[in-house]
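Our numbering applies: residue 538 is where the sequence shown begins, and numbers increase by one.
A virtual CB, placed ideally from N, CA and C, is assigned to each residue, including glycine.
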Amino acid sequence: MKADEIKKLDAYFKRVFNPSMSVKARPRKDDSAEVYAGDEFLGVVYVDDEDEERSYNFSMAILDVDL
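This is the structure in structure tokens:
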């Protein structure tokens with residue numbers, strides 16, 4: 538994921554969900570970025586380039602222990 542895409546996603550997550558959220562580049566991965574709420578890892582946002590239309594998929598696992 539390019540730096541400008543990450544900045545746009547970061548602004549989107551802050552605006553839509555919570556200002557404490559942030560999107561950060563993943564080491565050695567260029568198809569996704571990590572999403573955090575403060576210092577807590579929440580999930581991964583992936584780029585989807587299928588069908589000639591660019592979109593993003595956010596994946597978040599919720600552990601039974603966290604409920």
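Here DSSP, grouped into helix, strand and coil, assigns residue 554 to coil.
Nearest to residue 559 by alpha-carbon distance, out of 578, 585, 541 and 590, is 578. The Cβ atoms of residue 538 and residue 567 lie closer than 9 Å to each other. One thing to note: residue 581 has its Cβ no nearer than 9 Å to the Cβ of residue 565.
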